[in-house]
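Student: Handing you this structure, nothing more for now.
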Amino acid sequence: MHFPVEAKLKDGSRVQLVLAGQADVEPLRLLYQVIVAEGTSYPHDRFPDHEDFMDYWFRGKSTVAAYLIERSLDSRMLGAFYLKPNWPGRARQVANAGFVVAPEWRNKGLGWLLGATMLQYAAELGYRSVIFNLVFSENQAAQHLWKKLGFRVLGAIPGAVRKDDGTYQDAVVMFRSLKEASGQEFEASLIHENRTGY
Ligand SMILES: CC(C)(COP(=O)(O)OP(=O)(O)OC[C@H]1O[C@@H](n2cnc3c(N)ncnc32)[C@H](O)[C@@H]1OP(=O)(O)O)[C@@H](O)C(=O)NCCC(=O)NCCS
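Encoded structure:
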């Protein structure tokens, strides 16, 4: 996979996906602050401290960030994903990934672009499948998108997620094999690259 990946969104905006480096840490922090404040997709109920944030988004992971190609129009990070092994050792060929798209950039196809890029990249890195552990059951946009990208629901974790009003919602576990996608077996190298030095 050669980064940057360049593409056009549904509204004609031209975006590029880059392998994240040190310069992307602050833009991702700003974006993830919005996601944590929304409280409808990730388990953090407050913004993590610096070490936890770096662990969650960068250390031992590939991190990919989306920007407008013409950054003078908007220099903020539009979206991002991380990719990592879901488990170590014998199960390390099952990947896990996390996605965020800034609210004002949703429903333009960026989530699909990030997801499709992740699938191709994961296959190239030697993963055999991808699991999403905790898709909030009320997060219909995410479930719709993951199904469109070939994921299926394996099951639900009843009452896994506390909501702001004190009630609980389920989370679903979603899975997709990469073997049909790549058509061949890779020796799992699973070497993660981002350019932050972690
Ligand atoms: C989930 C997320 C990444 C999707 O990003 P996006 O850029 O909006 O994705 P896309 O534009 O490619 O696709 C969104 C799809 O969801 C659909 N959608 C939007 N809101 C929906 C809803 N309430 N119910 C059902 N489908 C919905 C859109 O119609 C679109 O589908 P289509 O292309 O078939 O019309 C984005 O909403 C996001 O960052 N949410 C907060 C973080 C998050 O949920 N991350 C994933 C955790 S599992």
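The numbers in our numbering rise by one with no breaks, and the one at position 88 of the sequence shown is 93.
Just so it is clear, CB atoms sit at the ideal spot from N, CA and C, and this is done for glycine as well.
Under a criterion of Cβ closer than 6 Å to any non-hydrogen atom of ligand 1, which residues qualify, in chain order?
Tutor: Selection output, chain order preserved: I40, S46, F104, V105, V106, R111, N112, K113, G114, L115, G116, W117, F137, V140, N144, Q145, A146, A147, H149, L150 and K153.
Student: Can you tell me which of the three DSSP states L83 falls into?
Tutor: In this structure, L83 counts as coil in the three-state DSSP scheme.
Student: So, helix, strand or coil for A127, using DSSP?
Tutor: Of the three classes helix, strand and coil, the one that applies to A127 here is helix, per DSSP.
Student: Just checking, does the region 92-99 make contact with the region 44-60 on the three C-beta pairs under 8 Å criterion?
Tutor: Taking 8 Å as the limit for Cβ pairs, the verdict is that the region 44-60 does not touch the region 92-99.
Student: Counting only the same chain and skipping the five closest in sequence on each side, list residues whose C-beta sits under 8 Å from that of K89.
Tutor: Once the five neighbours on either side are set aside, the close Cβ partners of K89 are G65, K66, S67, A100, N101, A102 and H197.
Student: Which whole-angstrom value describes the C-beta separation of M82 and L150, a residue pair presumed to lie in contact below a C-beta threshold of 8 Å?
Tutor: Not confirmed; about 19 Å, so no contact.
Student: Identify every residue that forms a DSSP beta bridge with I162.
Tutor: In the DSSP output, where bridge partners are listed per residue, I162 has A176.
Student: Closest to Q38 by C-alpha separation, out of S77, E11 and G84, would be which residue?
Tutor: Out of S77, E11 and G84, G84 has the C-alpha closest to the C-alpha of Q38.
Student: Would you decide whether I40 is buried or exposed? Buried here means 16 or more other CB atoms lie within 10 Å of its CB.
Tutor: With 16 or more other Cβ atoms within 10 Å, it is buried.
Student: Within this structure, are the beta carbons of R157 and F180 separated by less than 9 Å?
Tutor: Yes.
Student: Let me confirm a value: S77 is counted as buried when at least 16 other C-beta atoms fall within 10 Å, else exposed. Which label applies?
Tutor: Its Cβ having fewer than 16 others within 10 Å, S77 is exposed.
Student: Mind the definition here: the region 158-168 touches the region 116-129 only if three or more C-beta pairs lie below 8 Å; say whether that holds.
Tutor: As far as the Cβ criterion goes, the region 158-168 does not touch the region 116-129, which means the pair count is below three.
Student: Taking the straight line between their C-alpha atoms, what separation do you get for N138 and R19?
Tutor: If you take the alpha carbons of N138 and R19, they lie about 31 Å apart.
Student: Per DSSP, what are the beta-bridge partners of F137 in this structure?
Tutor: DSSP output for F137 lists M179 as bridge partner(s).
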